[in-house]
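Undergrad: Protein chains in written order, with the numbering used here: chain A, -11 to 630; chain B, 95 to 203; chain C, 22 to 522. A virtual CB, placed ideally from N, CA and C, is assigned to each residue, including glycine. These figures come from a predicted structure and were not determined experimentally. Quick one: structure below, then a few questions.
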Amino acid sequence: MDAIQLIYLVPLLPLIGCLINGLGRNSLSKTLVGIIGSAVVFIPFCISVLIFIAVSKEGFTTQTIHYFDFINIDKLRIPFEFQIDQLTALFLLIVTGVSFLIHVYSISYMKDETPSGFGRYFSFLNLFVFSMLLLVLGGNFVIMYMGWEGVSLCSYLLIGFWFKDHENNDAGKKAFIMNRIGDVGFLLAIFWMISSFGTVSYHDLFNPQNGLITSLSTINSPEITGITLLLFVGAASKSAQIPLYTWLPDAMAGPTPVSALIHAATMVTAGVYMVARSNIMYSLAPVTMACVASVGIVTAIVAALIALKQNDIKKVLAYSTVSQLGYMFLGLGVGAYSAAIFHVMTHAFFKGLLFLAAGSVIHAMSGEQDITKMGGLGKKMKITYVTFFIACLAIAGIPPFSGFFSKDEILSATYAQSPLLYVIGVGGALLTAFYMFRLLAMTFKGKFRGTAEQEHHIHESPATMTVPLIILAVLSAVGGFVGLPEVFAKNGNKIGDFLSPVFARSTQIIGEHTLPHQTEMILMIVSALLVIIVSVWAWNKFKNYSPSAVTTDNGFVKAIKNKFYIDEAYDLLFVKPYRSLSAFLNNVFDKKGIDGIVNGVGKGVNYGSRQLRLLQSGQVGSYLLLMVIGLLVLFIIQLFTK
Amino acid sequence: MEIKWYIFLAIALFCIGIIGAITRRNSIIVFMCIELMLNSVNLLLVAFSKMHLAGPNAFGPAMATSGQVFVFFIMIVAAAEVSVGLAIIVMLYRNTRSIDINFLNRLKN
Amino acid sequence: MLGTYFTFTELLIWIPFLTGLAAIFIKNEKSVRSFAFLSSIATLAVSVVSLFYTDFVHHPEFFAYSNVSYVWMPYIGSSFSVGMDGMGFLLTFLTAFSYPIIFATTFKSNYKNSNAFFALMLFSQAGIMGVFVATDALLFYFFWELALIPIYFLCSRWGGEKRIQATFKFFVYTFLGSLLMLVGILYVYVHTSSVSPDSVHSFSLHAFYNSYLTPNQQDWVFWLFFVAFAVKIPIFPLHTWQPDVYEQSNYPAVMVLSGIMVKMGVFGLIRWILPIFPSAVGKFDHFLIVLSIIGILYASCIALYQNDLKKFVAWSSIAHLGLMAAAIFAVNKTGLQGVMVEMLNHGINILALWIVVDIIEKKTGVRKISEIGGLAVKSPALAIFLVIIAFANIALPLSNSFVGEFLMLNGLFQFDKWFAAFACLGIVLSAVYMLSMVQKTFYGKTNAFAEKVGKLSMGQSAILLVLVIFILILGIYPEPVIHLTQSTVTDIMANLPVLKK
């Protein structure tokens, strides 16, 4: 039987797992919950591997599997369908693989929860995997949107997992609402597609033979530009790009494995997936492409700058995620789609690893997240230290670790478009190297700066936690070799070749920018050298970090420390006015205005009747008089209207 | 005799009735004034009926006689009204030892 | 015609009406409650059975507008004629489905004069059913009032302290609207041609659809009808009665009001306004949509500020109905189809929301959002239900509302991109206020009021479970509902040649 026919099991199993764990959270034992939770992700992973093998066979063509009609009105037909092509297969592998590792990791990490909390956690996590798979598998934009909002929901639930603390709930709410803003963009884009093309199916839009968009050749038509810009609003909120990135650092309030899975490896890359999925439209809209590239590069730099001065281990990683996502969007913006996807993959490995290792550290430190209170952990937590080190090398882009190849591919594509963007991009990479090695050195080197009790408690994590770390470390180290640049090996860019059918039409439209090998080589060596220098510098600078006396920061450093006051600005610009508007509308406009008019009419009638009542004096004479006057008036009217 | 003289007489009677009804406080007098007004209307009805009977009219003789029939109606209604009204006045007198019409404003409460 | 399946429509009216009459004479509270419950189950059964004849291919005649007609007042051209189409079936099903659930929620509460209470509830059901199936304008008006008057008594006799005031406001609003509608009905009536030799004009739906009103006449008669429906929905700025009444009334009456009776307004717009006044709708559509969208945003803003759970639900309902009104006036297939789906879904969601609020108030004794907190610790099952219902209310995909809102916004988008963009802001704001409410009442630390809360009883869980299952099924597979109402939408659109610009 063809593996592709089993595709429905891939999202279905996690959903079943979610139901079992959720409903049985009071009766099932923790071990059982853990096993079920992981198994329902592991089986889809196996199926994904089979699908991947099937897809990579010679002569594979995109397959659409239709289940039932979701909405069918008149000409508008939105089926519930899955589509399988190279992009989907790759994402399936990443999502199920990383998810499985993180599920296993979670069994130990969350073991202190109550059984019902443990069940709830795995139920939410499974629900997340379901939504994410729906997003990736969906054969049209509406199904993608379902997964898209589904992951928002899970993110909301998991950030606020410890719901007794309102700070967590606020963070969850913020994440959901900011994502909702992006969802509006996505939704409007879907509507626009429906009204322009009458369909939202990838197959109808993008298939290479007679796809509605594939056959378009007008560049920058208003519809395409509008649709892509709106889609990008959605992508920007989901993937935490400027100006909608502020939810991601706050989202670190959730359990650390959640940050690793949702807020680093999978969900936040959904935006990249979406843009890559609709790459043909983007290629037809250079205006949007420029927009994507510039938002990406600005986000990469700003987030990296903020990360320089953060002291919370998870916050540093969060800003680093934002920054790396910026790189992915830069890649998409310059038309290097497969490079961006490559970076998604390597990023899933090394950032997932970083978060899990950070989780291991936090676990050992009994919940402490402030790196100024750590130090010297490397001696006691060998595995965590080594794996974290590998992840740092990968993210900083030091050859031959995975991050180097993917980032380099993006940057060289950028150079082909604009050397200026390239220089900024390399600058960002240097910042990345700096803050990552600062983090590494402050956490694992030097003297321990926490309390004695914490020091006593420090220990290496159990095997269920370290094994996922090791697996991810291996992948981070060697994962880059699937995408070797042409310079090193002919046809070395396996992943690029694998994905090329998806991006074939875009490549046709944009044209392939290839750099001369010599230039590429020089750029690569220079940037790698610079990164190494910066890394060593940061390492030495923070190796023996000790909390110094209070130093006065100059304006810029202060701004960085306070994250450029973006949260405060949003609060001032949107949240507060909205609240006061709400109060104004309720207290003044509705109560005094509209209800005032309504009640005013009532009061007017009341007042009028009270005045008219005075006429009823009870004096028979006055009644008669009034009657006569009335008669006379009628008489006169009769006389003069003839 | 021309119709206008009847009209003048009727108007005069009606005005006397109105003025009496408005200005006097003795309820018997007010009552009589109301009767006076009714009778002025009766007078007019009879006068017009006679006039229409004399010459051709749009509605034929049946319409002309109906004016006189109305008079009978009014007289009957007036009689009924008198009986009720006088009874009220008697009750008023019994209760208040007065037939001042302004006492009736107590009905208001 | 008794004995054929045509009589289902009639039974839907007669069962609650006659059992309502009978209920007056049952003095024992327990038995009258069970009696009412059984009666509503019987109605539901009829409705479900009639579903088997809604297969348009095999029983096309079932969906003819007038499948039952008796002589009523022949000399003025009015007859007792009722009939169903897809929309009619959908709404009668919603009514038949809601009442058993509403009665089930009353099993734990006591009402003074319970026989009167349940009799009035059943009368209101009969009236509402009648509104949805009447195919004669005068009969429609008759049922419209029949639905209104029991609710008036229900709200004014059982409820909070200021209920008389609130109900009076409600009554003046709706009655004013109804009277204007009566004038409108009479005006259209004299512009219809006869269908029978007994009378010059006719009140029948077909005669009304074919009335010969000039565009100028339509322009002002339109408003007479519109006000009546707009008050019921309510459309901004005719909404101020709603929060007050919802706050002050008893829960069953509020569930009827917000779950079903507001649909009467929406139904009226589709059944009576669109086909009779096409040119007026075409003329005022921009204005009406702007009004509706203002309503969405306005109500969403105010909902955030509410501290009383009942008022909160009231405002959120106003916001959702604003979208429905906007989609109706966009007049296109997608939008109308969305409204159809959403009428059912909104009914289910708001019912579920009220039940949760009812449970909270019963358990804690308060309903101020600021006074409750941390309920999730004490009653996790209730929290799960509330979260699902809340997310259904903010139209998360795979919950029922998503389908409706997606189609409605889509319809609005086809009408005008910018309108859709503003209406979409509503879905962001709905997330803001819903999540704030969930957070404040259910999350955080348990406080004194929440301490008292125990687990959900079996009955309560069962009721909520039924609703949640409906929410999910309709969210995942909405196609049957769409299919059911498709013929109605096609009919309406076919009758609107004037609107095509």
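Taking 7 Å as the cut-off, decide whether the C-beta atoms of C/G98 and C/S214 are in contact.
TA: As a first step, residue 98 of chain C is located in the third sequence; it is residue number 77 there, counting from the start. As a first step, residue 214 of chain C is located in the third sequence; it is residue number 193 there, counting from the start. Contact: no.
Undergrad: Going by DSSP, what residue range makes up the alpha helix (DSSP H) through A/V310?
TA: Taking the first sequence and counting its residues from 1, the one referred to as residue 310 of chain A is at position 322. Residues I301 to G321.
Undergrad: State yes or no: is the C-beta of A/Q71 within less than 7 Å of the C-beta of A/L487?
TA: Numbered from its first residue, the first sequence carries residue 71 of chain A at position 83. Numbered from its first residue, the first sequence carries residue 487 of chain A at position 499. It is not a contact, given that the beta carbons lie outside the stated cut-off.
Undergrad: Just to confirm my understanding: we take A/N156, look at its own chain, exclude 5 residues before and 5 after, and list those with CB closer than 6 Å. What are they?
TA: To locate residue 156 of chain A, count along the first sequence from 1; it is residue 168. Once the five neighbours on either side are set aside, the close Cβ partners of A/N156 are G148, W150 and A241.
Undergrad: Would you verify that the beta carbon of A/V593 is, or is not, closer than 7 Å to some beta carbon of chain B?
TA: As a working mapping, residue 593 of chain A is identified with position 605 in the first sequence. Chain B, which has no Cβ nearer than 7 Å to the Cβ of A/V593, makes this no.
Undergrad: Please list the partners that A/G590 has in chain B, where partner means a Cβ-to-Cβ separation under 9 Å.
TA: Taking the first sequence and counting its residues from 1, one reaches residue 590 of chain A at position 602. What A/G590 touches in chain B: nothing, since even the nearest Cβ is about 26 Å away.
Undergrad: If I'm right that A/L419 touches A/L296 with Cβ under 8 Å, what's the distance once you round it to whole angstroms?
TA: Position 431 of the first sequence holds residue 419 of chain A. Position 308 of the first sequence holds residue 296 of chain A. Yes, they are in contact, since the Cβ atoms of A/L419 and A/L296 sit about 7 Å apart, within 8 Å.
Undergrad: Using a threshold of 7 Å, state whether the C-beta atoms of A/M262 and A/I215 are closer than that.
TA: Walking along the first sequence from the start, residue 262 of chain A turns up at place 274. Walking along the first sequence from the start, residue 215 of chain A turns up at place 227. Taking 7 Å as the Cβ cut-off, A/M262 and A/I215 do not qualify as a contacting pair.
Undergrad: Do C/D306 and C/F350 come within 7 Å of each other at the CB atom, strictly closer than that value?
TA: Taking the first residue of the third sequence as position 1, residue 350 of chain C is located at position 329. Taking the first residue of the third sequence as position 1, residue 306 of chain C is located at position 285. The answer is yes: Cβ separation under 7 Å.
Undergrad: With the cut-off set at 7 Å, would you say C/N353 and C/G432 are in Cβ contact?
TA: For the purposes of this step, residue 353 of chain C is taken as the residue at position 332 of the third sequence. For the purposes of this step, residue 432 of chain C is taken as the residue at position 411 of the third sequence. Yes.
Undergrad: Return the residue from the list A/V621, A/L121 and A/Y307 that minimises the CA-CA distance to A/V83.
TA: Stepping through the first sequence from its first residue, residue 83 of chain A is reached at position 95. Here the closest residue by C-alpha is A/L121.
Undergrad: Can you name the residues that DSSP bridges to A/N481?
TA: In the first sequence, counting from the first residue as 1, residue 481 of chain A sits at position 493. For A/N481, which the question treats as bridged, DSSP gives the partners A/G471.
Undergrad: If you follow the beta strand (DSSP E) that C/V89 is part of, which residue opens it and which one closes it?
TA: Within the third sequence, numbered from 1, the residue matching residue 89 of chain C stands at position 68. C/V89 -> beta strand (DSSP E) spans V89 to M94.
Undergrad: Once DSSP output is grouped into helix, strand and coil, what is the label at A/R567?
TA: If you number the first sequence from 1, residue 567 of chain A lands on position 579. If DSSP states are grouped into helix, strand and coil, A/R567 belongs with the helices.
Undergrad: Would you check if the distance between the CB atom of A/A346 and the CB atom of A/H447 is smaller than 7 Å?
TA: Counting from 1 along the first sequence, the entry for residue 346 of chain A is found at position 358. Counting from 1 along the first sequence, the entry for residue 447 of chain A is found at position 459. Contact: no.
Undergrad: Nearest-angstrom Cα distance between C/D106 and C/F189?
TA: On the third sequence, position 85 is the one that residue 106 of chain C refers to. On the third sequence, position 168 is the one that residue 189 of chain C refers to. Computed Cα separation, rounded: 35 Å.
Undergrad: Would DSSP call B/G111 helix, strand or coil?
TA: Here residue 111 of chain B is taken as the residue at index 17 of the second sequence, counted from 1. Helix.
Undergrad: Nearest by alpha-carbon distance to C/F491: which of C/V362, C/K284, C/H504 and C/K48 is it?
TA: The residue labelled residue 491 of chain C in the question sits at position 470 within the third sequence. Cα-wise, what sits closest to C/F491 is C/V362.
Undergrad: Using beta carbons (cut-off 7 Å, strictly below), is A/L573 in contact with chain C?
TA: Along the first sequence, read from residue 1 onward, the residue named residue 573 of chain A stands at position 585. Yes, A/L573 counts as interfacial toward chain C.
Undergrad: Find the residues of chain A that neighbour C/N176, judging by a C-beta separation of less than 7 Å, and give them in chain order.
TA: By one-based count along the third sequence, residue 176 of chain C stands at place 155. Correcting the residue type first, residue 176 of chain C is Cys in the shown sequence and not Asn. Those do not exist, as C/C176 stays about 17 Å from chain A at its closest Cβ, beyond 7 Å.
Undergrad: Pull out every residue of the region 602 to 618 of chain A whose Cβ sits closer than 8 Å to any Cβ of chain B, in chain order.
TA: Q604, S605, G606, Q607, V608, G609, L612, L613 and V616
Undergrad: Would you please verify whether the beta carbon of C/G280 is less than 7 Å from any beta carbon of chain A?
TA: For this step, residue 280 of chain C is matched to residue 259 along the third sequence. By this cut-off, C/G280 is not an interface position.
Undergrad: Got a sec: which bits of the region 176 to 192 of chain A sit with their beta carbon under 9 Å from any beta carbon on chain C, in order along the chain?
TA: L176, I178, F179, W180, I182 and S183
Undergrad: Per DSSP, what kind of secondary structure is A/R65 in: helix, strand or coil?
TA: Stepping through the first sequence from its first residue, residue 65 of chain A is reached at position 77. Looking at A/R65 - three-state DSSP - the assignment turns out to be strand.
Undergrad: Here's a check: name, in chain order, each residue in its chain whose Cβ is nearer than 8 Å to the Cβ of A/G127, leaving out the five neighbours to either side.
TA: Position 139 of the first sequence, counted from the start, is the residue given in the question as residue 127 of chain A. Here the set comprises T52, I53, H54, P67, E69, F70, Q71, S189, Y190 and H191.
Undergrad: Judging by CA-CA distance, which residue of A/G160, A/T102 and A/I294 is the nearest neighbour of C/G465?
TA: The residue you call residue 465 of chain C lines up with position 444 of the third sequence. Ranking the options by Cα distance to C/G465, first place goes to A/G160.
Undergrad: With contact counted as at least three CB pairs below 8 Å, one residue from each stretch, are the region 169 to 179 of chain B and the region 108 to 125 of chain C in contact?
TA: no
Undergrad: Could you spell out the range, first to last residue, of the beta strand (DSSP E) harbouring C/F101?
TA: Mapped onto the third sequence, residue 101 of chain C falls at position 80. Segment S99 to V103, the beta strand (DSSP E) holding C/F101.
Undergrad: Any residues in the region 426 to 439 of chain C with a beta carbon nearer than 8 Å to a beta carbon of chain A? Which ones, in chain order?
TA: Legend: CB atoms of the region 426 to 439 of chain C lying less than 8 Å from CB atoms of chain A belong to residues F427, L428, L430, N431, F434, Q435 and K438.
Undergrad: Can you give me the Cβ contacts of C/T30 inside the same chain, cut-off strictly under 7 Å, excluding the 5 residues immediately before and after it?
TA: To locate residue 30 of chain C, count along the third sequence from 1; it is residue 9. In its chain, beyond the 5 residues on either side, N88, V89, V103, G104, M105 and V154 have a beta carbon closer than 7 Å to the beta carbon of C/T30.
Undergrad: In whole angstroms, what is the alpha-carbon distance linking A/I386 and A/A461?
TA: Mapped onto the first sequence, residue 386 of chain A falls at position 398. Mapped onto the first sequence, residue 461 of chain A falls at position 473. Rounded to the nearest angstrom, the two C-alpha atoms are 15 Å apart.
Undergrad: Starting from C/F114 and walking both ways along the alpha helix (DSSP H), at which residues does that stretch end?
TA: If you number the third sequence from 1, residue 114 of chain C lands on position 93. Its alpha helix (DSSP H) spans residues G107 to T126.
Undergrad: Note down, in chain order, each residue of its chain lying with its Cβ closer than 7 Å to the Cβ of C/D240, except the 5 sequence neighbours on either side.
TA: By one-based count along the third sequence, residue 240 of chain C stands at place 219. Closer than 7 Å at Cβ, skipping near neighbours: A301 and K304.
Undergrad: Mind checking if B/N120 is an interface residue toward chain A, Cβ cutoff 7 Å exclusive?
TA: The sequence position of residue 120 of chain B within the second sequence is 26, counting from 1. Taking Cβ atoms only, chain A never reaches closer than 7 Å to B/N120, which makes this a no.
Undergrad: Around the Cβ of A/L517, are there at least 16 other Cβ atoms within 10 angstroms (buried) or fewer (exposed)?
TA: Within the first sequence, the letter at position 529 stands for residue 517 of chain A. Result: exposed.
Undergrad: Report buried or exposed for C/A65, applying the criterion of at least 16 other Cβ atoms within 10 angstroms of its Cβ.
TA: Against the third sequence, residue 65 of chain C aligns to sequence position 44. Per the sequence presented here, residue 65 of chain C reads as Leu, with Ala not at that position. By the neighbour-count rule (16 or more Cβ atoms within 10 Å), C/L65 is buried.
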